[in-house]
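Input: a single structure, listed below in structure tokens.
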Amino acid sequence: MSSARNIQFIALQDELFTDCNAQTTERLKRLAFLVEKEQSKFETRLAEQESRIAELEAKNSELFISVKWLRHLNEELERKEANHKAELDHALEARESAFRKLKHIRKVARDLLDERVTSPPKQKVLDEALHDDLYAEDSPTTETVQSYRATPQELSQTSNPDEFRAPSPTSLSASWKGGSDAFESPFPKTLRDLAPQSSEWYLHFHAIPPGCSNLILGPIPWTKLVDHFGLTEDEFEPLAISAQGVI
């Protein structure tokens with residue numbers, strides 16, 4: 070009787086053990102599957118993180134290079150700013166100097182205008198000088214700027230005005246060809262005798278002479294002109310013809 074119970078107990082024990090073993094195995098398999106699944110997810114995430122880390126490291130390297138380049142560019146800009154500041158200061162100083170010069174020029178021009186208004190004779194001389202400077206090259210004509218007129222006492226000492234006429238080319242030619250005596254005095258006796266006398270002269274200039282110039286006006290003897298300039302007969306005849314229309 071007791072042996073039969075022992076057999077049943079053993080059989081029941083084996084059945085329980087088998088059942089427990091099966092359940093444990095199933096649970097272990099399920100746990101292993103879950104662990105494998107989680108491990109796969111972890112490995113996937115780890116790979117993603119490693120890829121992200123590599124990408125961030127690449128960006129960090131690029132940013133480092135960019136920061137280095139920007140630092141160099143910043144230094145270059147600071148150096149240019151310092152140079153440009155010096156140039157700017159120099160330009161501002163030059164502008165201030167130009168303004169001061171312009172102010173001085175305006176003051177001088179204003180003073181000249183005031184003097185121009187208060188000094189009409191000076192203004193007239195200035196206008197004539199400016200006119201000659203502007204038109205001297207375009208206009209070959211001459212301007213009569215100063216004349217000498219004999220005083221009444223000197224005029225009273227002169228003879229007939231016809232005696233002041235220059236010798237004609239015919240008489241001059243004859244006198245020049247008359248030998249050494251004629252060469253010494255190629256002029257009519259009346260002109261030679263009246264050479265020290267005073268007569269009316271007109272001097273012509275291409276431009277107004279300076280105010281400090283010393284002008285020597287007539288009378289000038291014909292003999293002095295010939296001796297001074299060394300005139301020949303061919304050179305003197307045109308001069309005598311021109312003088313007939315002036316004297």
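In case it helps, the numbering used here puts the sequence shown at residues 70 to 316.
For each residue, glycine too, the CB sits at the ideal point set by N, CA and C.
* Hey, how far is the Cα of S130 from the Cα of A101? -> Counted from its first residue, the sequence shown places residue 130 at position 61. Counted from its first residue, the sequence shown places residue 101 at position 32. Cα to Cα, S130 sits roughly 42 Å from A101.
* For T301, the three-state DSSP class (helix, strand or coil) -> For this step, residue 301 is matched to residue 232 along the sequence shown. T301: coil per DSSP, three-state reduction.
* To do: Would you decide whether W138 is buried or exposed? Buried here means 16 or more other CB atoms lie within 10 Å of its CB.
  => By one-based count along the sequence shown, residue 138 stands at place 69. Its Cβ having fewer than 16 others within 10 Å, W138 is exposed.
* **Chain-order list of residues whose beta-carbon lies under 8 Å from that of K170 (same chain, five-residue window excluded)** => Position 101 of the sequence shown, counted from the first residue, corresponds to residue 170. Closer than 8 Å at the Cβ level, and outside the excluded window around K170, lies no residue.
* **Proximal residues to T301 (C-beta, below 7 Å), its chain only, five neighbours per side dropped** => Within the sequence shown, the letter at position 232 stands for residue 301. Closer than 7 Å at the Cβ level, and outside the excluded window around T301, lies no residue.
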